[in-house]
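K.L.:
In my numbering, the protein residues as written are 36 to 251. We put the CB at the ideal spot given by N, CA and C, even for glycine. In this text, all values refer to a predicted model and were calculated from it rather than measured experimentally.
(1) With distances taken Cα to Cα, identify the nearest neighbour of residue 150 among 131, 107 and 200.
(2) Quick check on the burial criterion: 16 or more other C-beta atoms within 10 angstroms. Buried or exposed for residue 233?
(3) In angstroms with no decimal places, state the Cα-to-Cα distance between residue 68 and residue 144.
(4) Does the contact criterion of 3 or more C-beta pairs under 8 Å hold for the stretch 175-188 versus the stretch 219-230?
(5) Which residues mark the beginning and the end of the alpha helix (DSSP H) in which residue 186 is found?
(6) Counting pairs of Cβ atoms below 8 Å between the stretch 114-127 and the stretch 162-175, do you hit three or more?
(7) Are the CB atoms of residue 146 and residue 59 nearer to each other than 7 Å?
(8) How should residue 87 be labelled, buried or exposed, when 16 other C-beta atoms within 10 angstroms of its C-beta is the threshold for buried?
(9) If you reduce the DSSP assignment to three classes, tell me which class residue 201 lands in.
(10) Just curious, the alpha helix (DSSP H) that residue 47 is in, first and last residue?
This is the structure in structure tokens:
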């Protein structure tokens, strides 16, 4: 009888496991609904915990949403971190493969992360924009460390703007891909890779435009 009771007893989650469970539920709800339409009571009910326990982990809904956004940002930064010594052109395809695998496997979290900029709360938007800035710095650092581009290239204002625009482009492509993948993952990867290399080519669009053939 004792063994049977033990089998029926649910395993207590550790603090880290419980927090991860709550954030996973939050990522799904925030990805499917605007910020104002998600209620803490929903999260607690789905997770099978009391509202008081959820508030123990996250004092306010704003804190909870910010934690969801920070979690997804940290995941993306880890997955797309540059590999020292490897040319950026070689890293791009592998990095995009990893990124798109993440987007596909964590669609709820990815959507929730990019809903943050539309949230009415200024502090939540700040968390989101700080996360995008970290992604931008990661790419610029990789460019600066690459012999083909170098530190001077990575510090240029037009390059920073190009990288920022490419992040917005990649986000739009990925969100559309999640709605109904008309393209394969490989096709999306090639599309995003061509977009970045096109604007970052040292002899190309970033900087002075090339002269038309008839003027050469």
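P.N.:
This is what the structure holds:
(1) 107
(2) exposed
(3) 12 Å
(4) no
(5) 186-189
(6) yes
(7) no
(8) exposed
(9) helix
(10) Per DSSP, residue 47 belongs to no alpha helix (DSSP H) and is neither H nor E.
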